Structure formats: structure tokens, C-alpha cells
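Structure (C-alpha cells):
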């Protein structure tokens, strides 16, 4: 057997955990190193006891040059603003690198700097970066050195609308994305916003019209439409651990039948194992994609006002983060995109 | 002390339970009788053990004439299509009656018959019925014999938009109501849709553009706007017991400042104890109104596209059902609307 | 109307919030001041938005002498080790004081110091302190200047076993208390242990045989039995916000019939409004006492091995903390113990 | 590649769903047929939309002879009292059969008939049946034609105590099993007991000292101890979908050190991949075994009274049902017990 791809992970939060969990079942890749700030010297399986018997890796401090030297591919799972040194060193050592944060997602550096409030330290790299949604940009991902893994909300919003945006079927001034997310999207750093007693039996909207994933969605919607799209984006926090359901509204530019719409989507995603366009009359729910790399899409036309309603569901930690990152890795390494990622959802 | 108002309840589901729970603390009314189909002869406090020591009422079978004869006011908490005989008898005996179901909510009988798929057996009563949102129609409620208590989703949607609809500030062709509801809205009759394991850790949209509360909202939006409004209404089921959060989108008809908007709402609801217009920058969450008759409203303008986003939160069983019904009873009986209903929410 | 009792609260966590929520409906007492460390100058109703329109109090820094000077009664809701100065000053100013923490719960200062790992700064006060379970020590509470409000687990464990311990019906070497608690018992300070994603869909035991509430239960069990009782105490954390269910095991010292057992409990708690001994064959659940000051108790004899199983349910924030504290205040002030505390539970 | 083992499943509830989910990733077996009562003719992936793209099987009505004729191995996932005809026909056709229900779990037919209230229709088969806990009875499972898959509670209780029972270290008159289960254990048939709003934010004990898993645990405890053990068994329902945590109490027959105890367990389970004996000071939680076939075990000695407390955690649908059934199938077919079953738990 040929050697497995040696994977290093920078960071030790929920997305790092998911990378390790998913890669434990990957036939062609293995996690050989994980860096940490607060768990240095601890077994990663002690930090996340679900991983006992599935990883022997011990968290280490970041020694950038040697860390990257030992790996074939690097996943960066850090808060925004911290990925540049890792990505630069990975490029310098000619290693593949996938950033799960926001630092390389924008083509226009000013948009990034305005919304994230930090100066970008490596704008010269942005041009070659590939925005890693394999179903849309798979060919480019195969050639990429640097992949910017999309945000969780954008993944659900973009996959839900790509076919109609490309087909020019929706009025790009009428786009509204109303998303409902589980709490794991808020990360593992304790705060009032992710405490059980504050979140349980509660639903709220937050950062209405000001969330940073808004411009990220707009960027890709504009690419797909070939014109500048604007949208209203409203994220909501709901009392569950995993999952994003996005309900997306847009006015149709011309009358469309349900049959035509279904055919458009099925055709668009014909070769995409992870995208499941649901039959007419069926709507997605997050449980059907729980723990998986799938995105389920349901389509409704409101005939009384010519409005399209698209509902898409993903697991925010898998297709919305770590699963999609591995899907990108697969393509960058010449593997099938599904390698190590096929798994049915969890119900109940 | 003068005698209390004698209240009878028809039905034994969650809204009946909430009526009993809330009226247990009401200084001027008391529940003297409850009818049931399946619990006849059982203590109501055995059906709902939380009520032990708060009610002595025993569920009885429905003997319409004598039941209504013993009561001063009747709450009807039955599935739609079953309220007419009770309401007719109450009117015949000159008793006040509040229907918590859908049978008397529509002024146009054909809309009711189309959406509910049943023939209305007493269309002649519809004209005098008052649609019971006290904050909007309190003067009429005070004079009413029959009040149609609004649906849970409509309550949140209508209170959230009334000020701007009345002021003509929103384009009534652009209305979208995206609502998130706890599971108690699905009632207490066991089915696959309200099983713990099917609902927990799950979010889904359902009845998109076809839910029966859609035309109910449209009816009142049209009254408020003075012109026929259409909307897209998308209900979602989320993993919690109580609460509805409605996120409502509409294009502004002219530029409005946040300050102007806040003032409009605060003014509109100045004398309404149960409506809390949140200060600029603050958004509602269902926990803040949990178990209460309050409706919290937050306001956001998306400046990049001239769209208004209103977020409103209620407890679907209280302001969305039994609490509002008691608020209506209070007005019909000449009491203060807040009588027996003041209570802070539950957090945690 | 005579003036209300002026209440001051030291602390701004969940038990402070519950005191304010419950006292908002109290006819004879009102909260006039709350101290805080981190929210000084903020409306308490901004810290807890559920309280909007139910309190006008603004959080203040602690100026001990003047704070206590303005109040008739003080609730101390601080972490252990911090209550002594407040209690001393309250005593000096001849004000009633109720400590919701652990500092005054133990008669033997060495037990406190061993289990809490701190030196007690006012052991001379311990003798006069009354351990505030009104159903057992109500007469003393009426005379008390200082009440130590019991821990949440001890409240459920003690009320569940008091009748059989007093009657000598159980072997005090065989006591096992297996308790299941909601997450609010872990407080509002963010940490890994009370994060939504760590607690949701999870159950675990913690501090087995080493939890500080163990010796507190033992102390009172010993008082009740008139001999030194030992027990094994196992707390568990379960995915809900409120509620404690304690399942308590002990070998019977002689054969007892179910009828005899029921009569013993009903007799023991005959005049206790808040204790509901459930009829034979019925078992408690936390929902039936949710948000209330009740304790529900169910009794089972395992006939095959002569073992008694008692199940008791409380709301940890009400009967397990703030509600019981107000019940104690009522007695200390010569009011009925139920004053302001009658409220049916929440289901759903 | 040699042909896969052809698996047939009788039943379409949650355990059937889990069999299909787990076998979708099994390299040596495949589900070729599923029988149903109410979903005949429907895609199984329409009944459970999480399985879309993971099974093509269509639910069929039960034609016993031909159904079994097409399969190599049969899983029976029916309510108790219904398995006998299927098992008999499987034996007649010389096929391997694993019953996930209770009909073949008891060696003494009178115990079964007393606790389940039905007459056993094939007592002559009981002797050859193997009780399928591979970690204890793996050698017999390898030779078995019929395996009785253990109950969910018994699996957790038995694995937790086997080492000390075999070693004679605990007094078998002092055994208490206090178990906490997620709601999926209550099955998928809608009823008041498994409704979201009745279970959410609630914990209760049920069937105290009368649950049918009590005698099942006693049977195996007695086998292990070599003497008749009795126990008190208390199941609890807690608000989560999956998982059982059992807290087990017993008096030690002689003083034992923690080190000795750890060594005993580690030694006993040395070759058992799915049993993870946690290091001293660490306690199990259900999340660490969520979705997996693992059983985590933690050990505590209460030094003040010589009592042992064992905590064990499983996923009730995997190690407590379908995963263990596949583990048994693996052994019956000469495969490694871990075949197709290695997967890390889910956190968050």
C-alpha cells in the first residue's frame, strides 16, 4: 500500500475535531499533527473523548517550519486574521493548504478589510486562491495550492441558489436569505451566547443585515449571476448543536413551472453525489443531513406572487466546514471527491 | 367580594391547559367546567399534573345547553370545523364566547371554505365577530359577543407590521413572513410530526406558501394597509416547546431613519403594556417572552437595499393563544386588559 | 396600605434573576436594590430582558453599610466564601438576612472548611443560623435573623426522605441519592461545562462521592434520624435548563405496606402547601414543578428485596434556591409561607 | 470479490433504520430486503430521508418463506411476542437469525411469560439460543444459529458490572442500577410518552422496580456471579434522542484499591475494541459514544462506606441494539467483530 497523505491541523476547536473524526475513516489520508494553544502536550483524544481509539495524536505548540515540513497538506482552523503566516509557509514549502477561516475568501481585499476590520497581510496571494465549493469550482480546486473553504451559511445559501442564478431566473435585487443555525457555529470558546441556559428553548435573530457572511454570499451570487447581486441576510440561532437550514426568497424573472425548476436543479447537480435535490413536494430538514457532507435542496414556487422559495439544509460542521474541506483535499490530491466522506445521516 | 366570572372551557389540549394555568392566578375569573372527549370523569389536574392544587375541575362530557347555562363566558379550544354549535348556543344564551380556533377568523366565508376545506355552518354570524387583537381592535372587543382569537403565527406577524402598514411605509407586494415555531403549536395529539426523536436536533420548513395562517395574515395586513396585500409565508418547526419568532421582510416605500421608525412603533404601542418595542440595536428572543402575554419587537433597516426587517417574538400558547384569549375576556367583561396576565418571562 | 418589605439582593446571576422574577408578583415585598460586579450602572432588565416592565432597579456597586441601611431584608446570592461580610453587617444593622450560598449551612465549621477548602470567617454566628427548609424547621425560621438557604440537591434529597428518617423506617447505612439536574445549577459564568454543545444530547455523572452537597445532605439526614447517617451521593447533569429529580434508595428496617407509607408521608406533609405527595402508582416529573416552589414526591417499595425507592422533583432555581428563600423571608416577616409563591407549573 | 452477505430486516422502526444506516458502510454485508406493515411499496429512503443514496430497498409485505429464502441472515426488529414464526422459519431454512426483541432472551420460559404476559410459542428453541453480548459470550455467538440480542438497559448494566461480578467483589444483595435513557428507546410509534412537548425539559423515573429489563439484568448478573442476584432497577427518561447512562451501586465484599479495580477492568476487557475503560478520575458521558458501538466505563469507590459506583455509557440504538446485532452477525459469519462498526463518536 502506498503511503497515506500526511495531514496537519492548525487549531483545536470543533472544526479541528470534525476533521479528525472524519479523517479517522478516510482510506487515503491520516492526521499526523495538531497544533494547539491551550492543550499542548495533551492527547487530542483527551480533549475530545469521543476520539479515544481513533487518534493517537498529541497536541503540539506551533513550530511553523517543522510542522509544515512534516505534512503533505495543512488545514488551518483558526479565527480570522491568523491564517496568513501558515498559508505563506505552506506555499513556500510547496504544500497544499486549505483555510477554513475567512482570510482568503474574498477576491477584493477591501471588502475583507471593511467587514473584518483587519488589514490583510498577504493580498498578493488572493488571486490564485480558489473558493472551495467543489460542486461549482471543482476543476479549479483540482489545480489549487490554496483553497479558501467557504463559510457555513454561504455554503447553504450558494448551493441553494446556484442553478437559478446561473440561469438568470431570479431578480438579483430581491434576494433574501433567512438562515437558522445550530449553536456549534458559535464555536467552542465559552461565552454568554453559547451557554446552554441562554440558548435552550430560545430562538433569536442576530447581526441582521450586518453579518460577515452576507458579503461572502453576495460575492459568489454576483459571480454566478454575472452581475452585482445584493441581498438581505438574516442569521438565527436555534437550540440544536448542528445544522443550518437556509430559506431563500427571490422574485422570478419569468414564470417557471415546478417541473421545469426541478429539471433545472437535477440537471445542474447531476454528477454531484453530495447534493440531493428533493422531489417536488418534499422539503429538507437538517436531521436528514446531520453528520454528513450532503446538502439537501427543496423547491417551492409561490404562485400568487411569482416568488421562488428555496430551502437548503447542511450540517454546518461537515458540508459547512470540515467535510467540505476534506472534499477539497480529495480533489487537490487527485482522489474522488467522495473519498472517505460517504455516510448516511442520523435519524434519530 | 362580588362573584367571579364563571368560565367554561371546551377542549382539553394544550391551549385548555394554558387557560386553566393562567386563570388560576386571575383575581376576577375562575374555571368552573371543562369538557373532554377522552378524559371524561378524570380530574383535569390528573391530565396535567402541573395543575395539582390549582384546579378541582373534573372533565365532563359535553351537554351543550346545561354546560353553557352554568357559565358566564366560554372558551372554545377545539379543532377547526367544530366551534359553530358551541358559539351558536352561547349566543342564544347571551353568553360571551371566545373561539380559539379558526372557524370565525375570516370575514369572507369563501376564503375560510377554500383554505380549510369545510363548509361554514353559520356564515350569518361572521359579520359581528371581532378579530381579537386587543392592541388593534380593543374598542370593538369591548362590545363583542363573539371574539375570534387570532392564530399564533398571525399574532406575531400582525403585531410586528401594524405600525408600518397603517403608515403606508412598506410596499405591500414585497411582504415575506418567515416564522419559527416551537412544537407545542402542533398540538397534543401524538403523530410523527411532534415526536421527540423526529423534532429534536432538527429544523425544517413546512407548508411553504400553503399554510392556512397565510390568508389570515393577508386579511389583516389588507385591513391595516387599506389595500389588498399578498405575502409569502413560510413556517418552520424548531426544537423547542414554546415560542414563535417571526422575521418579516418588506421594501420601504420611502427612506426612513431608524429614529423615525422607532418613534413610529413606540407611539403606536404607547398604551399597550404587553407590546415591548425594543430599543435600537436590540433584537427579540423568544425566551424573554416565554410563558408571558408579551410581544417583543425589534426593528432593522437594511440600508444597502431599502428593506425593512422586523423581528417579533411571542409565546405561541400565551399571546399566541390562551393569554390573548383572556386579554379579550378581560375587555369583554369591562376589566383592565392586563388583569391576571402580568408576569415576567422565564430566563433561564 | 402599609409599606412593602424593602429587599436588597447581593449578586446578579440566575438566582438573583429568579428572586426578582418571583418578587415582581409578591404583594408584600419589593426589590429596591441589586449589587453587581460586572453590570454596575446597567438596568437589571437589560441584563435579563425577560424582566422588562417588571423592575426598574439599576445594578449598583456594593457599598455595604448604605446598601444594607436602605433594606429591610437581604438575599445574598454570591459564590461560597463571600457571604460573611454581608451577613455580619446585616446582623449589625439588625436586618434579616438569607444566604443562598453554602457559607452558613454547616453547624460543624470543620466540615465546611474541609469540603469547601476555605477558612470560615465568622464561626461564632453558625449556632444561631437556621437551616431554611420551612417544612421541617419553619418554627425556627420564624424567629431567625440569619437563614442558610439549603442547596438545591439537598432540598430534594431531604424533603424526599424526612418522613422515613424521622420514623426510623430506613437503615441509615444504605442511603444512596442519585440526582439528575438541569444545567442552570451550574450557574451563569461561561465555562466548558455549561456550553450548549457540550451539554446538549448528553448525560454524565460528575463529582461522584465527592460533591459538596453530599455532607450537607448527611448533616440533615443525621439530624432527622437522630444518628449519624452516611450516604453515597451521585449528581448527574442532564440536557435541560431547570429541575432536579432525585432517586433515593434505602433498605427498610421492617416490612411496610404501600398504604402505610403513603399515609406516613401524607400525614407528615399535611399542612405543607408546596409538598405534593403523589398517589400510589404515580411518579414525579420535573415538568410538573417547573417554575414553581413545589416538591413532588413519589413512593415505591421494591418487594423482592425490601428496598424503598423515593423519587422527588423540584425546580432547582425555585424550591431549590430563590423560591425557598422567599418562603423563608415570608416566615421571617410574619407572612404566610405561600405569600407571592403560588403558581402552577409549566406543561408544556 | 466474493458476494456480500445478504441481509433481510423484519420491521421498519428506529432499530431497522439503524441497521440500514450502519450496514450501508459495511464491507461484507448488504441489506437486500425489509418488511413493513404500514410502508409497503415505499422506498425505505423515503421513510427515512437520511438514507437517500444509501439504500435502494423498497419495503415489502412479509411473505415469510420467500423472504427468508432470499437472505443469508435475518434481523428481527419486531415488538415482543412476534418473533417466533420468523425465527422458526429461519432455522428451518438454515439461515442465521438475530432477534432484537425480547422473545429469546430468557433461558427460563416462565420468567419470560411472567414478565411479558404472553405464552412462548417455541420454548424448545430457548436452550440453543445465545445471549448476544460478544464481549462475554463471543465464542458461543460464533457457533450460534439464533442470537438473542440483549436489551439496551441490560447491555449497559451487564458490561458495567461483569468484571466485579465474575471476581466476586460485590455483594449481590446490594445491586442497584439507576439508568438514564434517551427517548429513542421508546420507539417510533407515536404516543403521549414520546411527544416532544411532554419529554422536553423534563426528567422522570418510570416503571420503578417493575421494568422488564430488570429480570433480564438479573439473569445475566446471576450467570456472572454464579449465584442468584437480585437488584433494584430504575429507568429514567431524559430529554435527548440517544444514549443510556447507567449508574450502578453495590457494596464491596472486601476493600479494593482504585488501582486494583482499574487493572481488573482493563484486564477483563483487554481484547475488546468496543469497551473503553476510562482512566482513574474520568467518567463516561453519552456524547463520547454517540452513534457508536462503544461502551465507556468509569469506576469510583466511595471510601466512606465501601461502596462501588460504576458508570457506563452506550448509544442505546447502536451498542444497545443494532450495532451489537451487527457485531453478533460478524461473529456468526466468521468476520472480525469490528467489521463495518469502527466509527468515532459525535461531539458536538
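Residue numbers (our numbering), protein chains in the order written: chain A, -15 to 332; chain B, -15 to 332; chain C, -15 to 332; chain D, -15 to 332. Cβ atoms here follow ideal geometry from the backbone N, Cα and C, with glycine treated the same way. A quick note: this is a predicted structure, and the numbers were derived from the prediction, not measured.
Three-state secondary structure assigned by DSSP to residue 138 of chain D:
For the purposes of this step, residue 138 of chain D is taken as the residue at position 154 of the fourth chain. In this structure, residue 138 of chain D counts as helix in the three-state DSSP scheme.
State yes or no: is the C-beta of residue 306 of chain A within less than 8 Å of the C-beta of residue 184 of chain C?
Along the first chain, read from residue 1 onward, the residue named residue 306 of chain A stands at position 322. Along the third chain, read from residue 1 onward, the residue named residue 184 of chain C stands at position 200. It is not a contact, given that the beta carbons lie outside the stated cut-off.
Please confirm if the stretch 162 to 169 of chain A is in contact with the stretch 91 to 110 of chain A, defined as three or more CB-CB distances below 8 Å between the two stretches.
With a cut-off of 8 Å, the stretch 91 to 110 of chain A and the stretch 162 to 169 of chain A do not count as touching, because too few Cβ pairs lie within range.
Is any beta-carbon of chain C found at less than 8 Å from that of residue 5 of chain B?
Taking the first residue of the second chain as position 1, residue 5 of chain B is located at position 21. Contact of residue 5 of chain B with chain C is assigned, a C-beta pair being separated by under 8 Å.
Closer than 7 Å by beta-carbon distance: list the chain A residues that pair up with residue 300 of chain C, in chain order.
Taking the third chain and counting its residues from 1, the one referred to as residue 300 of chain C is at position 316. Simply none; closest approach about 11 Å.
Three-state class that DSSP yields for residue 107 of chain A in the structure shown:
On the first chain, position 123 is the one that residue 107 of chain A refers to. Here residue 107 of chain A sits in helix by DSSP.
Is there contact here, the stretch 234 to 252 of chain A with the stretch 275 to 285 of chain A, by at least three beta-carbon pairs under 8 Å?
At 8 Å Cβ cutoff, the stretches touch.
Could you check where the alpha helix (DSSP H) with residue -10 of chain A kicks off and where it finishes?
Position 6 of the first chain holds residue -10 of chain A. Run containing residue -10 of chain A: none in the alpha helix (DSSP H); it sits in the beta strand (DSSP E), -11 to -6.
Taking Cβ-Cβ distances shorter than 9 Å, what residues in chain D pair up with residue 176 of chain B?
In the second chain, the residue the question calls residue 176 of chain B occupies position 192. Per Cβ cutoff of 9 Å: 172, 174.
When A:24, A:80, A:204, A:186 are compared against residue 272 of chain B, the one with the closest alpha-carbon
Here the question's residue 272 of chain B lines up with position 288 in the second chain. The shortest C-alpha separation from residue 272 of chain B is found at A:186.
What residues from chain D crowd round residue 192 of chain C, counting only those whose CB sits closer than 9 Å?
As a working mapping, residue 192 of chain C is identified with position 208 in the third chain. The answer, in chain order, is 231, 267, 282, 284, 286, 293, 295.
Determine whether the beta carbon atoms of residue 17 of chain A and residue 41 of chain A lie at a separation below 8 Å.
Counted from its first residue, the first chain places residue 17 of chain A at position 33. Counted from its first residue, the first chain places residue 41 of chain A at position 57. If you check the CB distance, residue 17 of chain A and residue 41 of chain A come in under 8 Å.
Among B:121, B:84, B:-1, B:89, which one has its Cα closest to the Cα of residue 111 of chain B?
As a working mapping, residue 111 of chain B is identified with position 127 in the second chain. If we check each option's Cα against that of residue 111 of chain B, B:89 comes out closest.
So, is the C-beta of residue 277 of chain A closer than 8 Å to a C-beta in chain D?
Position 293 of the first chain, counted from the first residue, corresponds to residue 277 of chain A. No, no contact with chain D.
Does the stretch 210 to 221 of chain B come close enough to the stretch 154 to 161 of chain B that 3 or more CB-CB pairs lie under 8 Å?
As far as the Cβ criterion goes, the stretch 154 to 161 of chain B touches the stretch 210 to 221 of chain B, which means the pair count is three or higher.
Who does residue 81 of chain D pair with in a DSSP beta bridge?
Position 97 of the fourth chain, counting from 1, holds the residue named residue 81 of chain D. According to the DSSP secondary-structure assignment, residue 81 of chain D is paired through a beta bridge with D:58, D:130.
Residues that residue 271 of chain C contacts on chain D, provided the C-beta gap is smaller than 7 Å
For the purposes of this step, residue 271 of chain C is identified with residue 287 of the third chain, where counting begins at 1. Going along chain D in sequence order, the residues near residue 271 of chain C (Cβ under 7 Å) are 185, 186.
Nearest-angstrom Cα distance between residue 323 of chain B and residue 295 of chain D?
Translated into positions along the second chain, residue 323 of chain B becomes position 339. Translated into positions along the fourth chain, residue 295 of chain D becomes position 311. Straight through space, the alpha carbons of residue 295 of chain D and residue 323 of chain B are spaced by roughly 51 Å.
Strictly below 9 Å CB to CB, what residues from chain E border residue 26 of chain D?
The structure shown contains no chain E; its protein chains are A, B, C and D.
Determine the direct distance from the alpha carbon of residue 148 of chain C to that of residue 134 of chain D, and round the result to whole angstroms.
For the purposes of this step, residue 134 of chain D is taken as the residue at position 150 of the fourth chain. For the purposes of this step, residue 148 of chain C is taken as the residue at position 164 of the third chain. If you draw a straight line from the Cα of residue 134 of chain D to the Cα of residue 148 of chain C, it is about 37 Å long.
Any chance the stretch 120 to 129 of chain A sits against the stretch 259 to 279 of chain A, with 3 or more Cβ pairs inside 8 Å?
Between the stretch 120 to 129 of chain A and the stretch 259 to 279 of chain A there are fewer than three C-beta pairs closer than 8 Å, too few to call the two in contact.
Return the chain-ordered list of same chain residues with a C-beta closer than 7 Å to the C-beta of residue 256 of chain A, the five sequence neighbours on each side being excluded.
As a position in the first chain, residue 256 of chain A is number 272, starting the count at 1. When the five nearest sequence neighbours on each side are left out, the beta carbons in the same chain lying within less than 7 Å of the beta carbon of residue 256 of chain A are those of 119, in order along the chain.
Can the beta-carbon of residue 58 of chain D be found less than 8 Å from the beta-carbon of residue 309 of chain D?
In the fourth chain, residue 58 of chain D corresponds to position 74, counting from 1. In the fourth chain, residue 309 of chain D corresponds to position 325, counting from 1. Judged by their CB atoms, residue 58 of chain D and residue 309 of chain D are not nearer to each other than the 8 Å cut-off.
Measure from the C-beta of residue -15 of chain B to each C-beta in chain C and report whether the shortest distance is under 8 Å.
As a working mapping, residue -15 of chain B is identified with position 1 in the second chain. Low confidence applies here, because residue -15 of chain B scores a pLDDT of 49, under 50, leaving its location unreliable and the question unanswered by this model.
Under 8 Å by Cβ, that's how I've got residue 68 of chain A and residue 87 of chain A pegged, so tell me the actual separation to the nearest angstrom.
As a first step, residue 68 of chain A must be located in the first chain, where it is residue number 84. As a first step, residue 87 of chain A must be located in the first chain, where it is residue number 103. Correct: roughly 6 Å between the Cβ atoms.
So with CB distances below 9 Å, who are the chain D contacts of residue 149 of chain B?
Counting from one through the second chain, the residue named residue 149 of chain B turns up at place 165. Among the residues of chain D, none has a CB under 9 Å from the CB of residue 149 of chain B; the nearest is roughly 33 Å distant.
Listed from N- to C-terminal order along the chain, which residues in the stretch 216 to 231 of chain B have their beta-carbon within a distance smaller than 8 Å of any beta-carbon of chain A?
Per Cβ criterion, the list reads 216, 218, 220, 222, 223, 224, 225, 226, 227, 229, 231.
Going along chain D, which residues have a C-beta under 9 Å from residue 157 of chain C?
Along the third chain, one-based indexing puts residue 157 of chain C at 173. Result: 289.
Tell me whether residue 43 of chain D sits in a helix, a strand or coil according to DSSP, three-state version.
Reading the fourth chain from its first residue, position 59 is the one you call residue 43 of chain D. Strand, per DSSP.
Do residue 270 of chain A and residue 218 of chain B have their beta-carbon atoms positioned less than 8 Å apart in this structure?
For this step, residue 218 of chain B is matched to residue 234 along the second chain. For this step, residue 270 of chain A is matched to residue 286 along the first chain. Going by C-beta atoms, residue 218 of chain B is not nearer than 8 Å to residue 270 of chain A.
Boundaries (first-last residue) of the alpha helix (DSSP H) holding residue 285 of chain C
Start at 1 with the first residue of the third chain, and residue 285 of chain C comes out as number 301. From DSSP, residue 285 of chain C is part of no alpha helix (DSSP H) but of the beta strand (DSSP E) over 279 to 286.
In whole angstroms, give me the CA-to-CA distance for residue 47 of chain B and residue -7 of chain B.
By 1-based counting over the second chain, the position of residue 47 of chain B is 63. By 1-based counting over the second chain, the position of residue -7 of chain B is 9. Taken atom to atom, the span from the alpha-carbon of residue 47 of chain B to that of residue -7 of chain B is near 13 Å.
What are the residues that DSSP puts in a beta bridge with residue 162 of chain D?
As a working mapping, residue 162 of chain D is identified with position 178 in the fourth chain. Answer is D:218, D:231.
Chain C partners of residue 56 of chain D, CB-CB under 8 Å?
Locating residue 56 of chain D in the fourth chain gives position 72, counting from the first residue. Correct list: empty, because the minimum Cβ distance to chain C is about 35 Å.
Less than 8 Å between the CB atoms is what I'm expecting for residue 304 of chain D and residue 228 of chain D, so what's the real figure, rounded?
Mapped onto the fourth chain, residue 304 of chain D falls at position 320. Mapped onto the fourth chain, residue 228 of chain D falls at position 244. 6 Å between Cβ atoms; contact.
Buried versus exposed call for residue 26 of chain D [16 or more other C-beta atoms within 10 Å across all chains shown]:
Along the fourth chain, one-based indexing puts residue 26 of chain D at 42. Taking every protein chain shown into account, the CB of residue 26 of chain D has fewer than 16 other CB atoms within 10 angstroms, so this residue is exposed.
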